[in-house]
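For reference, the structure discussed in these notes is given below.
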Amino acid sequence: MKKDSRTPHQGTIGPDGSILMVDSGRYRIQVYKKLCRELSPDEIDPHDIHMDPELT
């Protein structure tokens, strides 16, 4: 099954944290599972983080 959306219409967050996206062009609901892992300190470089001045 293709993972791309033809015409994403609406989305919501499920009770388990997954994202449910309505794709009316393909007549389906695409479910995206929340996959995450904790980063170790050596994977985080604050010098690579750039803040948007309009958001601060």
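The sequence shown begins at 314 in this note's numbering and counts up one residue at a time.
Note that CB positions come from ideal geometry on N, CA and C, so glycine has one too.
None of the values given here were measured: they were computed from a predicted structure.
Looking only at C-alpha atoms, which of Ser337, Gly330, Ser331 sits nearest to His322?
Here residue 322 is taken as the residue at index 9 of the sequence shown, counted from 1. Checked all of Ser337, Gly330, Ser331; the closest Cα to His322 is Ser337.
Determine the DSSP secondary structure at Asp355, reduced to helix, strand or coil.
What you label residue 355 is simply residue 42 of the sequence shown in a count that begins at 1. DSSP places Asp355 in the helix class (H, G or I) of the three-state scheme.
Which value, in whole angstroms, describes the spacing of the CA atoms of Val335 and Asp329?
Position 22 of the sequence shown holds residue 335. Position 16 of the sequence shown holds residue 329. Cα to Cα, Val335 sits roughly 17 Å from Asp329.
Top-ranked residue by Cα proximity to Tyr345, from Thr320, Pro354, Asp358, Gly324:
As a position in the sequence shown, residue 345 is number 32, starting the count at 1. Measuring from the Cα of Tyr345, the nearest candidate turns out to be Gly324.
For Asp365, name the three-state secondary structure that DSSP assigns.
To locate residue 365, count along the sequence shown from 1; it is residue 52. In this structure, Asp365 counts as coil in the three-state DSSP scheme.
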